[in-house]
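For reference, the structure is listed below as structure tokens.
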Amino acid sequence: MAETTTLSPTRPRKPRLRIRTVVIAIGIVAFTIYAARQSGWDWGSFVTVWTNPLWGRFWPIDWEWVSDRNNVLDPLIETFQIAVVATVIGCLLALPIGFLMSNLTTPNRPTFVVVRSVMNVIRAIPDLLLAVILVAAVSIGAFGGAIALTVFSTAVLVKLFSETIDGADPRPLEAALAAGGRHTAAVRAGVLPEVFPAYVAYSAYVFELNVRASVVIGLVGGGGIGRVIEAQRQFFRYDRIFGVLIVIFIIVMIIEQISDAIRRRVL
Amino acid sequence: MTSTIDTAPVDPGAPRTPERPRPPVAKWWRLAAGLGVLFAFLWGVSGLDITAEQLGRAPGNIWTIIELSVPPDFRAVLERGALGKVFESVYIAWTGTVIAAVLSLPLAFLASNNVVPAWVRIPIRQFFIIVRAFPELILATIFLAVVGLGPWAGALAIGFSSVGTLGKWSSESIEEVAGGPVEAIQASGGGWLSGVRWGLLPQVFPTIVAHWLFRFEINVRASAIFGLIGAGGIGGEISSQVQFRNWQNVSAVLIMVVVMVLVIDAVSGAVRRRILAGSDRGSVDASQEALGDLGGFLTRRRERAAGDGPSTS
Amino acid sequence: MIEFDDVSVTYRGGVKALRNVSLTIDDGEFVVVVGLSGAGKSTLLRALNGLVPATSGSIQFNGTEVVGAKGAELRKVRSQIGMIFQTFNLATRTTVMNNVLMGRLATVPTWRSTLGLWPAADKELAFRALERVGIVDKAYVRASNLSGGQQQRVGIARALAQEPSVMLADEPVAALDPVTSHQVMGDLQRINRDLGITTLINLHFLDLARSYGKRLIGLREGQLVFDGDIADVDDDTFREIYGRAITPDDLLSMDAASGG
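Next up, the structure:
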């Protein structure tokens, strides 16, 4: 028998970069350069924004002013109240709407489509834009801010919540329907227990978002500490603003810890 | 076979065995939590200083505005260059996200426990937390004072602020990468940097790019808001139109903003899914991203429940 | 009384799960349904309580037409039919009690069940059902903390709480070990005998079918191929229903395989 040694197959060539990949990469780079130009790119400012003497105004902190309750504590309380109200109402609304928005628990197709579309549109509205409009409409800063944040909270929570429901176990729901329950009762008995921990966790998350947002909302006319910050900014009193920011930071940290603890307990 | 089912008719006179258990105390804990929320809510409402009369008038006010906003006046708004402003917002968001991506990538590696020791990682993690705690809008106002009015202040603000979130998400993704390839490289004599560059980066890069894109979606919304304080973009239009109570213009601009956001969300979302599907990690939906903000906690739990298991060995 | 008249079920992908099935079941009967996976056993049961809509034909349940029934009418039919599932279908994150109370959903007003304010009479029924299956001490235990056999008993209690006239069991023991399987089959047998509840059971294991069944229905590719007394059944009958020889996988216990 002739011994033919079969050589290893010819070495494959390294796959050439696909034309498409190259084009996309060039496109992205070109777009980035264009966008940067349009945004007013300025290499120098990367340094100058941090070395500007303005930052010197942050120190020393005017603690005396900060500790006067009229200046900081009361507005902070108002900010907090806006966040609480917005979160509670938003979460209450998000519970039924979330069920309507999930494939698993929606009562019928048209409802599903309508609710989903409406909520997606609302979620696309930046929260502060909504706040500006509502504050002008309702003409009371804190109230307008609260409404805007409520709408925002509902939209955010509803999206998270409905995605959880989509992933929930459909079988207890089947059993509840098989026993003759109406749709709402069956969802309540069969699906809610399973998704409730996630609902609570998301609600805590939304509360955190709202606390941060309600601080900022004051900058554009909603009530609370934001208004104070804006006022002080106009006088360049960054030493006071810095003090306020530190207080806010501490509070947000505390809330995050509590929120984490709730989540650990609940999940 | 002994049956566990007792089908004998129940004699009401006979003693019932075994004892029926009572409802557990935990039920009261939940009731307390519910009451707590209720009281917090009432406290919140009280502080808002709204009279019942104002509350009653509000829906009417809002309805009036809605009536005044229809039909939206696109012609007037486009004449004022609103479309250009919309694009400007996108450019600001994109530029800012690029800046944040470049800055956050190395920092993310320096914040991962499978790359650096704790004494490096912890300060950088703290840095992320502080950056995230600083409200973006306030940073933007400071930058406005330094670089002047216009889009650049907004882009810088977005760029630096996003470093915190992107750093956190990226470092968490890096930590989730299995250590195998890095070990292999180091076993064959490669240095630490090579291990990171060839072992970690290729594996985690798709996920990180997905994070960038998701942050871009958020930043588009932020850049629209920045316009309100003069940092470029469409927000300025809304601000002035609202000021003059041109509600038809307001609704037109609002619709344009919504369309912009929806389009970007759709495109970015599709690209993200494409990238992640290619990298065999499945899709990252909005809830997982938000959960990433919650410390990856829920995501890992869900993955474990689904049988994937954490990918760290 | 249950009457299937020329019932066909075609799923949306075009799969014909049931083909022209006709049969009658009298009150109080104990019926076992066997067939390969995909033969239509599950569809047969689910067509009866409307979980799966029948494409054609008629299903009469105590005089009410199930095919096409909607809303309150369908719920009334379902409330009289208790169903237990292969995977138990319990709400695992809540208590056994809440699961059993699901059996009362048809009669309790929605607002009451939503808020958890169950009437005392319904709670009494739930307790009695738990007592009948012998796990009342676990009433407030989280369902996920129970063993498979216990979870299935909760499922049975949930069905019993409905005070049904018919009990459907879709492969109730497929996820259980042999000892527990025999327990559950015995329980279902006693429920049928002592409470007079018409019982329809899908079974995968042939030796169980032979041990416990009285009337046997065989399905093959959606068609009714056997309907008769269990005494008339032998290995050849099973081979006809299954279309192949019997394998050890079709039997619950290895002893039956080697001994039979």
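Protein chains in written order, with this note's numbering: chain A, -12 to 254; chain B, 715 to 1027; chain C, 142 to 401. For every residue, glycine included, the Cβ atom is placed at its ideal position computed from N, Cα and C.
Residue i versus residue j: straight-line alpha-carbon distance, rounded
i: R0 of chain A; j: H925 of chain B; result: 34 angstroms
i: F755 of chain B; j: V72 of chain A; result: 6 angstroms
i: N960 of chain B; j: W808 of chain B; result: 30 angstroms
i: A270 of chain A; j: F194 of chain A; result: This structure cannot settle anything about residue 270 of chain A, because the visible part of chain A is limited to -12 through 254.
i: S937 of chain B; j: R911 of chain B; result: 33 angstroms
i: G326 of chain C; j: V193 of chain C; result: In the sequence as presented, Gly is not what sits at residue 326 of chain C; that position holds Met. Near 25 angstroms, if we compare the C-alpha coordinates of V193 of chain C and M326 of chain C.
i: T811 of chain B; j: M106 of chain A; result: 26 angstroms
i: L347 of chain C; j: L393 of chain C; result: 8 angstroms
i: G168 of chain A; j: I166 of chain C; result: 25 angstroms
i: D127 of chain C; j: G296 of chain C; result: Since the first residue of chain C shown is 142 and the last is 401, residue 127 of chain C is not available in this structure.
i: A386 of chain C; j: G85 of chain A; result: 51 angstroms
i: I11 of chain A; j: R5 of chain A; result: 10 angstroms
i: A772 of chain B; j: R986 of chain B; result: 41 angstroms
i: G27 of chain A; j: W866 of chain B; result: 5 angstroms
i: D49 of chain A; j: W757 of chain B; result: 30 angstroms
i: I245 of chain A; j: A945 of chain B; result: 35 angstroms
i: Q840 of chain B; j: M240 of chain A; result: 12 angstroms
i: V971 of chain B; j: G941 of chain B; result: 12 angstroms
i: R846 of chain B; j: P(-4) of chain A; result: 56 angstroms
i: T921 of chain B; j: I989 of chain B; result: 8 angstroms
i: I222 of chain C; j: V237 of chain C; result: 20 angstroms
i: N164 of chain C; j: F145 of chain C; result: A small fix is needed here, since residue 164 of chain C is Leu in this sequence, not Asn. Spanning the two alpha carbons is a distance of roughly 5 angstroms.
i: I216 of chain A; j: Y225 of chain A; result: 9 angstroms
i: G154 of chain A; j: Y186 of chain A; result: 13 angstroms
Where residue i falls, given that 16 or more other Cβ within 10 Å makes a residue buried
i: T205 of chain C; result: exposed
i: V784 of chain B; result: exposed
i: R835 of chain B; result: buried
i: D377 of chain C; result: exposed
i: K799 of chain B; result: buried
i: W863 of chain B; result: Here residue 863 of chain B is Leu; the residue named in the question, Trp, does not match the sequence. Flag for L863 of chain B reads exposed.
i: R153 of chain C; result: exposed
i: S965 of chain B; result: buried
i: M974 of chain B; result: buried
i: N203 of chain C; result: exposed
i: A(-11) of chain A; result: Residue confidence for A(-11) of chain A is low, a pLDDT of 48 falling below 50, so the modelled location carries little weight; the figure read from the coordinates is stated next. So A(-11) of chain A ends up on the exposed side.
i: K211 of chain C; result: exposed
i: L1008 of chain B; result: Any answer about L1008 of chain B is weak, because its pLDDT of 45 lies below 50 and its placement is not dependable; what the coordinates show is given next. Buried, since its Cβ has 16 or more Cβ neighbours within 10 Å.
i: A901 of chain B; result: exposed
i: D114 of chain A; result: buried
i: E733 of chain B; result: exposed
i: V896 of chain B; result: buried
i: G401 of chain C; result: With a pLDDT of only 37 at G401 of chain C, under the threshold of 50, the placement of this residue in the model should not be trusted; the figure read from the coordinates follows. By the 10 Å Cβ count, G401 of chain C comes out exposed.
Neighbourhood of residue i by C-beta distance below 6 angstroms, restricted to the same chain and skipping five residues each side
i: V173 of chain C; result: I342, L344, A350, G354 and L357
i: P184 of chain A; result: V253 and L254
i: V208 of chain C; result: A195, S199 and I200
Check: residue i C-beta below 7 angstroms from any heavy atom of the ligand COA
i: I978 of chain B; result: The model depicted lacks the ligand COA and carries no ligand whatsoever.
Beta-carbon contacts of residue i that lie in its chain and below 8 angstroms, excluding the five residues immediately before and after
i: G169 of chain C; result: N333, G337, I338 and T339
i: D999 of chain B; result: Per-residue confidence for D999 of chain B stands at a pLDDT of 49, beneath the threshold of 50, marking its modelled position as unreliable; no derived number is given.
i: I943 of chain B; result: L851, A854, T855, L858 and G949
Cutoff 7 angstroms; reference residue i; Cβ partners in own chain excluding five residues on either side
i: L853 of chain B; result: A871, F874 and S875
i: F788 of chain B; result: A966
Three or more beta-carbon pairs under 8 angstroms between the segment 227 to 243 of chain A and the segment 49 to 59 of chain A, yes or no?
Because the criterion of three Cβ pairs below 8 angstroms is met, the segment 227 to 243 of chain A and the segment 49 to 59 of chain A touch.
I want to know whether the segment 176 to 193 of chain C touches the segment 358 to 365 of chain C - three or more CB-CB distances under 8 angstroms.
yes
Fully enclosed by the segment 166 to 211 of chain A, which alpha helix (DSSP H) runs are 4 residues long or longer?
DSSP runs (the alpha helix (DSSP H)) wholly in the segment 166 to 211 of chain A: 170 to 177 and 179 to 204.
Counting Cβ pairs closer than 8 angstroms, one from the segment 258 to 270 of chain C and one from the segment 305 to 315 of chain C, do we hit at least three?
Contact between the segment 258 to 270 of chain C and the segment 305 to 315 of chain C is absent, because fewer than three Cβ pairs lie under 8 angstroms.
Whole alpha helix (DSSP H) runs in the segment 880 to 949 of chain B with 4 or more residues, listed along the chain?
894 to 901 and 915 to 940
Evaluate contact between the segment 125 to 140 of chain A and the segment 185 to 193 of chain C, counting only Cβ atoms and requiring at least three cross-stretch pairs below 8 angstroms.
no
If contact is defined by three or more beta carbon pairs under 8 angstroms, each pair taking one atom from either stretch, is the segment 284 to 301 of chain C in contact with the segment 216 to 235 of chain C?
yes
State whether the segment 156 to 175 of chain A contacts the segment 26 to 35 of chain A, with contact taken as three or more CB pairs (one from each stretch) at a distance under 8 angstroms.
By the criterion of at least three beta-carbon pairs nearer than 8 angstroms, the segment 156 to 175 of chain A is not in contact with the segment 26 to 35 of chain A.
With contact counted as at least three CB pairs below 8 angstroms, one residue from each stretch, are the segment 793 to 809 of chain B and the segment 15 to 25 of chain A in contact?
The segment 793 to 809 of chain B vs the segment 15 to 25 of chain A: in contact.
Counting only runs of 3+ residues fully inside the segment 255 to 330 of chain C, write out the beta strand (DSSP E) ranges in chain order.
307 to 311
Which parts of the segment 6 to 30 of chain A are runs of the alpha helix (DSSP H), unbroken and 4 residues or longer, counting only runs that do not cross its ends?
6 to 26
State whether the segment 216 to 229 of chain C contacts the segment 174 to 184 of chain A, with contact taken as three or more CB pairs (one from each stretch) at a distance under 8 angstroms.
no
Does the segment 877 to 885 of chain B come within contact of the segment 898 to 916 of chain B, defined as at least 3 CB pairs closer than 8 angstroms?
no
Three or more C-beta pairs below 8 angstroms linking the segment 201 to 221 of chain A and the segment 113 to 131 of chain A:
yes
Just list the alpha helix (DSSP H) runs in the segment 792 to 874 of chain B, keeping only unbroken ones of 4 residues or longer that don't cross its boundaries, in chain order.
796 to 823, 832 to 847 and 850 to 861
Do three or more CB pairs link the segment 108 to 115 of chain A to the segment 137 to 157 of chain A at distances below 8 angstroms?
yes
To test your reading of the DSSP string, which unbroken beta strand (DSSP E) runs of 3 or more residues are found completely within the segment 161 to 215 of chain C?
171 to 175 and 197 to 202
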